[in-house]
Structures are given as C-alpha cells and as structure tokens.
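Taken in order, these protein sequences are the chains called A and B. So for the first sequence, the numbering used here puts the first residue at 36; every next one is plus one. So for the second sequence, the numbering used here puts the first residue at 7; every next one is plus one. Virtual Cβ for every residue (Gly too), placed ideally from N, Cα, C. Data first, discussion second: the structure below is written as structure tokens.
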Amino acid sequence: MPESAERLHRGRPAMSATRWSALVIITVAVMAGAFVAVNGSIDPMGLFHSRTRIVIYTNERWSKYLLSIRYVPEQFDAVLVGTSVTGNWNTGFMQPLRTYNLSIEGGNIYEERLLLENVFKRRKPRVVLFCIHPYLTASYGRQTPYMTNRDYWSALGSLELLKTYHARRRVERHVGRQEFNEFGQQDFKIPVRPWRAQAIAGGRWYVVDERSFAEYGRLVASARAAGSRVVAVVPPVNAEQWLYTADAYREYQHRILTFFRGDELVIDFNTAPYDGLRGDRSNFPDGIHLSSTAADIFVKELARLVRNGTDHPRGFRIADSKTFQVPERTKRQSVERTAPGTIR
Amino acid sequence: MPFNSFPFVLLFLPLVVVGYRLTIKGLSLRMARGFLLAASLTFYGFYRWTYLPVLLASILLNFGVAHRVAEAEGRTRLRWLWTGILLNLVILCTFKYASILRPVLGHVAGPAFALPDWGFPLGISFFTLQQVAYLVDVYENLLIPQRLGVHALFVSFFPYVTAGPISRGKQMIPQLERGGREGDRALDVARGLAMFATGLFKKVVFADCFRTIVDKGMTDPFALSSLEAWCCTLAYTMEIYFDFSGYSDMALGAALLLGFDIPRNFDAPYRARSIIEFWQRWHISLSQFITTYLYTPIIRLFRKATLRSAAVATMVSMLVAGAWHGPSWNFVIFGGLHGVGLVVNQTWKKKSKRRLPAAAAWALTLAWINLSFIFFRLPDLHSALHVVRMLLPFDNPFGGSGILLPVSARTGMLQIAEVVSRPALWTVGLPALIAAPLAVLGPSSHWWLDDFRPTIATAAAVAALLLIAFLFMNSANATDFIYFRF
C-alpha cells in the first residue's frame, strides 16, 4: 500500500462496504442538494425569481444567455442586437422604451439568435433594434462553449457561477470595476492608442459568411413575424476609415437592407449630420469603438429617432421636426443640419 | 451519453446497476444478461443510433466466423481465421481510412465512383481489435465460441465498448456466464464507486483544465514562444494521460459496480524510466494486444529471436499501432518515435552495462514521450515540426505572444501579478499545479482496488472527489474524451 494510503487508513475503524457506499452517496446527495438550493435562492441571473435589476459581473456570453431567459423579457420592451461596436451603448438612455443591450463582444448573428430566441420564448419585445455591422455576419456558430442549454443548469452550481460571486464580491469591496450596467451595456474603458485607419479598414469583418448572412435575414423576419417592430441601426464608422471602406460598407449595407421592409425605420449614423462626431478622433479611442461620451450622444439620438418613429400610428417615419444637435465639444467641422434618419 | 455527463452518472449507471442486481436476484441470470445487453446497446445507440447496425453487423459476423473456426479442421480452420481477420480489417478500414481513399478514388474514377462519407462509428477500433483477438483465441483453442447473447454482450459491454480497455475473451466470458466475478459484491460496489469517482475527477478537473491551456496555445502553434511551446506540449502530455486514464478508471469502476473485472489500462506511466517500462504502464490493453497478436507473430516469422529481428518487429508493430489511431502521417510518426525509443532502449539494455541515473532516465523518457505527443496532437506535420523547433530556445525563447503567459516585452520575465489576478489561475492553474506532480510522482489509482478499506476518511475523500467533479462537470469546459476519436 502506498504511504499516503497507509496514512489515510491508520488508526481509523473500518466499516462495512455497504455502509461505506451508502455514506458516500448520502453525503454527496445532501451536500450537492444544499449547494444547489443555496444557489437557486441567491439566483444571481434571475432564472427562478423575478428580478428588477441584474448586473453582469463576468462572462458576458454566459450571463447574457441566462439573462435572456427571464430577466430581459420580463423587464424590457426592446432589445439591441449587435457586436462590441454597440456593446458600450448605454440603452438606459432609450427610456421610456426600456431597452436591453444584447450586443456581445466578438459575437455574431448566430449567437445573437440564441439570445433572441430565449427572449421570444417568454415574451416578445415591442422593438428589436438590429445593428448593421459586417462583423455580425463575418463568422458563423458559437465562438465559445457557452450559450447552450447546459448554461441553464450551470446557474445552479458551476465554475461560472463561482466566478460571478467572486467578481461581485470584488466590485462590492471596490477592488474590481463594475463593467456592465443593468441594461447590458459594457463600459469598456477603451485605452486610447494610436491607430491607422488603413489598417483598421483591412480587418476581417468585411468577409461575409453566407450562412450567417442568411441567418440575419431569418432573424429579422422571425422578429417581424412575432409582432415586434424591427429597426435597422447603422453604427458610426470613423471618418478616416470611411475614406477607405465607404464603398464596401455601402455595398454590404445595401445587401443587408434587403431584409428590411420599406416601412421600417433605418437609422444610419454614417450620414452627413454626424460627420462632425465621426471626424473627431477622440470619439474613437481605438479606431473602432466609440468612447463612452460619444456612445452616450449617439444613443440619445437613437432614442429620439426611435421614439419619433414608433409614435407614428402606421409604423415608422422619419420626417422629424427636430434636428440633431451636435454637442459643443465636437463642433469642429460644419455639420449639415438635415434629418438624420433615412427611410426607404 | 459519455461517462462524464449527468445523465450517465445520475441516471443510466444507477438504473443499470440496480436493474441488473434485481434481475439476477428476482428472475434469472439469462434475463440479467439480456438486460445488460439491452442497456449496453442503448448506451451505444445513444451517441448515434445509425452506428448501431455497424456494431451489430460486426458482432454477427465474428460470431459466425468464430463458430466456423471452431467447427473446421486442418487448413480450413486457418482459412476461416484469416477470412475473419480480413473482414474485420475491411470493416475497420472502410470507416476509418476511407477519408484517404475518397479523394484519390474521386480523382481517378470520377465523381460517379466517389465513396460516400459513412462517418466514424464510435469505438470501432476497439471492438474490432477485441474480436480479432477473440477469433485468434478460438483458433488456438483458448476459447469455445459462446451463444450469441453472451458474445454480443462481450463485445458491446458498455463500460468498454466506446474506448476500451480491449478485453480478452478468456477474462470476460467466464464472468459474463457467471453473472460477475467471484468475491464480495458489496466491496466491489464500494471499490467501483471509489474508482469511478477518481476517474471522473481526473477527467473533468485535471484533463479538462489542461485542455484549456492546450487549446489556447495549439489553436495558433506558429505564435508560440519557446516557453509557451514547453507549457503547451507538457500540458497536452498531462491532458491525454488524465483524459484516457480517467476514462479507463471510470470504465473499471462502472464494471466493478456491476460486479465485473475488466483489464487495467494504466499504471502511473509517467513514472517510467524507460520507453519499455512506459509501454508496460500506458494503454496496457493495447500494448498487450500488440505484443501478443502482432509483435510475437512477426518474431516467429524470423524463426530466431535476435536483436535485429526484435528491432524490426518492434518498429513494424509500433508503426501499425500509430496508424491504428487514424489516417494521418502524424500518427505514424508518433508510432515511429516510440518504435525508435523502444529499439534504442532494447539495444542499450543488451549491449551496454552502464545504466543512466534514475532521474536522468526518467527525464529522458518523459521528454521523448512529450516529443511524440506533439505529433499526436497537432493536425499536420508542418505545425508539429514548428512546435518541435520552438522547444529549442533559439529564436523567441520567452517573447510574449501573450497566448498563454503574460511576459514582459522588456525583461522577458513572467508577469506574476497579472497571472495571479486572473480567475483562470484558480480554475485552471491550480488544478494543473496539483495534477502535474501527481502524474509524475503519485501512485496509480489502482490502489483503490488493491488496498481499499472502507473508512470514514476514504468515504470523505470519495465524496469530495465526486462533489468537486460535479461542480466542474456542470461548467462549460467539460468536454468529450480524446480517445472517442479513435
């Protein structure tokens, strides 16, 4: 017998094998049951109890997948489908339309579909905002092992759950930073780094995976069929990158807009009224994502446009009497004051 | 339904164990065997029911041939044996190596003659070898062919049908006829539970943690620095051991819960001080099969066992063993490296009186094993050779690609503070740090079988193993077994 085993047995009274097996099984059943019961009552993802405010602490995919099962459909009227480009948009500014930001960092439309399906299973949202960005259709399938049915059970006891508790504790003790809010916005705190528009323009997000592209169309159609109002949102691209990619971007946009009907609202932030914001390098710390300040400006504008559009009894409209007010800080270039949305 | 899934652990296994014992007590042994056969076929069909006909066809074919071999006499007996072996090889090659032939045939004969993709039936490599051994044993009068039910259960028995251990008929069939091995049933259940818990823990905690490291690095092997290449390759060496030995322990445990004793497959292989010793401790059922049914017949062909004939037999056997893993040159190289290691080892043993110091022999053996597993893991020769080159710290020794380790670009030092702040340190790093010394210094998990005593301490240890394993099992990094691909 190895020494470690000898040490383990020395001086301990032996019991019958049947009693031993029963002891092991009962211990495991009782302890596992207690662990599951405690986690079920804490329920940090609001799966078993109705929760009015849930904040993500770690693992965006796992958390948003679980939140989309109950929390999002119960507490929100609208959802934003997107990638990291819209991930730091604080949809809290969309009030009174309570909007949850389902954008996932590095996510594609397949993964967004998984979230949206969960939401629709419980309650259809009034509005679904679809981000139009090539990254959403650049790949297909799950990017991680998360976002499966197994995640549901992992909310009762798993490493992900323990990591959530740990991250929450760090935030509560002011050791860690609170990255997400209850609207699903992730405040990246993107470090400012030098970027070259030409290098960003050559990124892989201009590759289109046709399966993903078709999936996008199916998702828009199913949201519409379920009775939700669909809105297309084209996020702003920085003006320097736009010089290199405008044609490709417009071609992509033209293709994907075929999934939207003529009476549906299309909000394009790459139009003249926003040139000032898009031309300001400080609004794009890494060349791709908006800074928090700029994101807030765009979300407030989005809220205004959606509110005006959805107020119309027959659907969406664009002819907005108000015009976009460029904040003082970004009035570096002349901005054409015209209606910012476009409708086809 | 893999062993490391909740449906298997909490539902299938307990139901089958209880059902089998109740059927033996309440009805008859024959009914109990029928119950076990039905459970085994359900287990196999659960993966993909379309592969069930392949398993059933293989069982029927070998059952028929075994009876022909037993009934025939003289040269006809040998002819039937060879027919059986060839048919088994044809089935194996059809499913396993068709991927090589498919493009060649499509190119030569045109699309009209293209081979369809039948997929790869789980465990085909294992149950085919097991039945080849069965036919040979019948030919050599070591076994008498049994009734179809017993033969079918012998082949499809759920603890080993998917990935071994490759079980010999003379060990299994008498147990199947008696309804289990002789001995204390209650003690077998306790041992089985301990063994299963150990295997489950090895797989879902240790192997899957190492897999996280390996997958991160091997996704882009060309970006690895030397330090990362060492981390990655050693992590894979650990992963495959804990994965396969964990599976084998679970198989052994599941069989013991039912009262059956199946072959042991691992015996602390990374404590080996030579490649010969390694193969006496690693995938024991396969190395015994190769020794008995491949190496020995080749030696017999030479009529005289010399160092040269042994070298030829070793190389041929190991190349075949490598190719058995799949249609890739990397597997052949894996087998070849082990063949070379064994030949050098045999020659050194015969010709030289000098013995290496124990620590040096152990380190050299582990380094050779680590090298061979690079070819086992990577999908193509190009990337495998690149990783081998990266093991030598000539260019980019510590440079931070950042894939695995945050290394300071200025000093080349590991940034400990950043490592500690990552949650992965606790869920991946800590289990890996515990597992690696256990693999190279710790005892074989078989001490549960040989020296098991039911005490409070062992009960607490097994309960803890199961609880931690369940926690990891319910997390997203739980994955399939590596050997399910073979």
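Neighbour flag for residue i against chain B, beta carbons, 9 Å
i, result
"P180 of chain A", "yes"
"M66 of chain A", "yes"
"R304 of chain A", "The amino acid at residue 304 of chain A is misidentified as Arg; the sequence shows Phe. No, its Cβ sits nowhere closer than 9 Å to a Cβ of chain B."
"M50 of chain A", "yes"
"W97 of chain A", "yes"
"W230 of chain A", "no"
"F351 of chain A", "Here F351 of chain A scores only 36 on pLDDT, less than 50, and its place in the model is too uncertain to base an answer on."
"S189 of chain A", "yes"
"R185 of chain A", "yes"
"L197 of chain A", "yes"
Cross-chain neighbours of residue i in chain A, by beta carbon under 8 Å
i, result
"R360 of chain B", "Within 8 Å Cβ-Cβ: nothing; R360 of chain B doesn't reach chain A, min ~31 Å."
"A192 of chain B", "S51, A52, T53 and S56"
Integer-rounded CB distance, given that residue j should sit under 8 Å from residue i
i, j, result
"D112 of chain A", "R177 of chain A", "The Cβ separation is near 28 Å, so there is no contact."
"I219 of chain B", "A438 of chain B", "7 Å"
"H452 of chain B", "R270 of chain B", "6 Å"
"D273 of chain B", "S450 of chain B", "5 Å"
"A235 of chain B", "V393 of chain B", "5 Å"
"E140 of chain A", "G122 of chain A", "6 Å"
"F478 of chain B", "V210 of chain B", "4 Å"
"T134 of chain A", "V114 of chain A", "7 Å"
Exposure of residue i, with buried meaning 16 or more beta-carbon neighbours within 10 Å
i, result
"D303 of chain A", "buried"
"G117 of chain A", "buried"
"K176 of chain B", "exposed"
"M129 of chain A", "buried"
"Y253 of chain B", "buried"
"N184 of chain A", "exposed"
"V65 of chain A", "exposed"
"H324 of chain A", "buried"
"L307 of chain B", "exposed"
"F163 of chain B", "buried"
"L194 of chain A", "buried"
"V96 of chain B", "exposed"
"W55 of chain B", "exposed"
"E286 of chain A", "exposed"
"Y50 of chain B", "buried"
"N147 of chain B", "exposed"
"P229 of chain A", "exposed"
"Y251 of chain A", "buried"
Chain A within 9 Å of residue i, Cβ atoms only
i, result
"A261 of chain B", "no"
"S481 of chain B", "yes"
"V468 of chain B", "yes"
"I488 of chain B", "no"
"Y199 of chain B", "Residue 199 of chain B is actually Leu in this sequence, not Tyr. Yes, L199 of chain B counts as interfacial toward chain A."
"I462 of chain B", "yes"
"R459 of chain B", "yes"
"V156 of chain B", "no"
"F12 of chain B", "yes"
"V167 of chain B", "no"
"A445 of chain B", "no"
"T485 of chain B", "yes"
"V195 of chain B", "yes"
"A369 of chain B", "no"
"L21 of chain B", "no"
Contact set between residue i and chain B, taken where Cβ atoms lie within less than 8 Å
i, result
"S85 of chain A", "Ordered by position in chain B, no residue passes the 8 Å Cβ test against S85 of chain A, which lies about 24 Å from the chain."
"T62 of chain A", "A465, A466 and A469"
"S174 of chain A", "Within 8 Å Cβ-Cβ: nothing; S174 of chain A doesn't reach chain B, min ~14 Å."
Neighbour list for residue i in chain B, Cβ cutoff strictly below 7 Å
i, result
"S193 of chain A", "L477, N480 and S481"
"V59 of chain A", "L199, A465, V468 and A469"
Interface partners of residue i on chain A, CB under 9 Å
i, result
"L473 of chain B", "T62, V63, M66, A67 and F70"
Residues that residue i contacts on chain A, provided the C-beta gap is smaller than 7 Å
i, result
"V60 of chain B", "The premise fails here: V60 of chain B is roughly 28 Å from chain A at the closest Cβ pair, so nothing lies under 7 Å."
Distance cut-off 8 Å: residue i Cβ against heavy atoms of the ligand MN
i, result
"V268 of chain A", "The ligand MN is not part of the structure shown, which contains no ligands of any sort."
* **Complete runs of the alpha helix (DSSP H) confined to the stretch 199 to 274 of chain B [at least 4 residues]** => 214 to 224 and 232 to 264
* **Ranges of the alpha helix (DSSP H) found wholly within the stretch 137 to 208 of chain B, counting only runs of at least 4** => 154 to 162, 175 to 184 and 191 to 207
* To do: Entirely within the stretch 211 to 257 of chain A and at least 3 residues each: give me those beta strand (DSSP E) ranges in chain order.
  => Listed in chain order, nothing qualifies, since the stretch 211 to 257 of chain A has no complete beta strand (DSSP E) run of 3 or more residues.
* Those runs of the alpha helix (DSSP H) which lie wholly inside the stretch 35 to 64 of chain B and span at least 4 residues -> 35 to 53
* Within the stretch 112 to 175 of chain A, ranges of the alpha helix (DSSP H) (whole runs, at least 4 residues) -> 119 to 122 and 144 to 157
* What residue ranges within the stretch 299 to 336 of chain B form continuous alpha helix (DSSP H) runs of no fewer than 4 residues, ordered along the chain? -> Complete alpha helix (DSSP H) runs here, min 4: 302 to 308 and 313 to 330.
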